[in-house]
Amino acid sequence: MPDNTFQIATASPRPEQSVLVVAPPHDAPGYWAGAPSSVAADGAVYLAYRLRRPIGQGRGYAVVVARSLDGERFEPVYTLRQDEVDTESLERPALVRTPEGMWRLYISCATHNTKHWRVEMLEADDPSRFDATLRKVVLPGDPKTGVKDPVIVHDGGMWHLWASCHPLEEVGEEDQMVSDYATSADGVEWTWHGTALSGRPGCWDSRGTRVTSVIRAGDTVVAAYDGRASAGENYEERTGLATGADFSVLTPTGTEPVGSSPYGGLRYLDILRLPDGRHRLYYELTRRDGAHELRTELR
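Residue numbering for the sequence shown follows this note's numbering, beginning at 15 and increasing consecutively.
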């Protein structure tokens, strides 16, 4: 089977085959463990994820970085608390290891009393030694745009980034989103190149698309993304797949999502290529009780 076909099939979640990685902080709606970002390094899997309480009770209150030898049982090595950052809420992090061996944690931060989001970065020589006092803003957004949930890949000697961008000019429309693409020589200063993925009118992803993972499959780029058809589906997005000849333009495959929960959403799918050629999928899944939990599958 051609490599790109195999990779696309591999990226389709099967929750009935998954195992629990992190349970929500409480068994009730609005409590989430999820939004994962994974790295395979030094014989282990490192996983960054977000913990969240309901709106009015703190929302995204922590980002955790954890380590595992089997990809399923994780031990936290670093926790970033909301009160350590000037933010109303923390969203999905991006965990990255540079070619030089340094570690970076990109965090999505909600600006207080607004719908605006920005992305900041922490850097350390080990995931256990991130220091929030040394963080720097790398994607500030602007008065018209909130920027969050970055996906970051080092490929071909350059850094590539896809971020969820939200319009802020019209009240009530801020939940709309597209995924814009940027490049960087150092992973700090970014140059934007326009929108890589947007929703399709009349489809399940018409209200917004958020790239959550990008991998190469032969000559094809394969991306997982979250989509929703209405503002009412905010927080309960489903997963789709998109492909492209390069990183800058991604086209959805098929007319239906490839991943969902019987009780709501399946979102933030992260695809990790392991050293032995297999893959791990990490994602956030809605439970019967309305809470969200973090799960994994080995392919």
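Even for Gly, the Cβ is constructed at its ideal location relative to N, Cα and C.
Where do the N-terminal and C-terminal ends of the beta strand (DSSP E) with residue i fall, by residue?
i           : result
residue 303 : Note, residue 303: premise wrong, no beta strand (DSSP E); not H, not E.
residue 78  : 74-82
residue 241 : 234-242
residue 48  : 46-55
residue 90  : 89-95
residue 200 : Per DSSP, residue 200 belongs to no beta strand (DSSP E) and is neither H nor E.
residue 218 : From DSSP, residue 218 is part of no beta strand (DSSP E); its letter is neither H nor E.
residue 35  : 33-36
residue 255 : 252-258
Could you tell me the alpha carbon to alpha carbon distance between residue i and residue j, rounded to whole angstroms?
i           : j           : result
residue 177 : residue 91  : 26 Å
residue 245 : residue 145 : 36 Å
residue 32  : residue 211 : 28 Å
residue 152 : residue 112 : 16 Å
residue 276 : residue 179 : 28 Å
residue 142 : residue 78  : 10 Å
residue 190 : residue 128 : 15 Å
residue 41  : residue 23  : 32 Å
residue 71  : residue 46  : 12 Å
residue 61  : residue 53  : 7 Å
residue 230 : residue 139 : 27 Å
residue 18  : residue 25  : Reliability of the predicted coordinates at residue 18 is poor, the pLDDT of 49 falling under 50, and no value is obtained from them.
residue 307 : residue 217 : 27 Å
residue 301 : residue 156 : 35 Å
residue 80  : residue 99  : 20 Å
Using a Cβ-based criterion (distance less than 6 Å to any ligand heavy atom), does residue i qualify as near the ligand NAP?
i           : result
residue 251 : The ligand content of the structure shown is nil, which means the ligand NAP is not present either.
Beta-carbon separation of residue i and residue j under 7 Å?
i           : j           : result
residue 205 : residue 192 : no
residue 239 : residue 259 : no
residue 48  : residue 298 : yes
residue 251 : residue 241 : yes
residue 292 : residue 310 : no
residue 174 : residue 88  : no
residue 95  : residue 108 : no
residue 106 : residue 82  : no
residue 243 : residue 274 : no
residue 27  : residue 304 : no
residue 154 : residue 118 : no
residue 137 : residue 158 : no
residue 135 : residue 150 : yes
residue 234 : residue 283 : no
residue 160 : residue 130 : yes
residue 227 : residue 166 : no
Within 7 Å (strictly less), CB to CB, does residue i reach chain D?
i           : result
residue 190 : Among the protein chains of the structure shown there is no chain D, as only one such chain exists.
Can you tell me which residues form a DSSP beta bridge with residue i?
i           : result
residue 290 : Paired residues: none, contrary to the question.
residue 311 : 295
residue 181 : 159
residue 60  : 53, 81
_At 3 residues or longer, what runs of the beta strand (DSSP E) sit wholly inside the region 108-177?_
108-111, 117-124, 131-138, 150-153, 159-169
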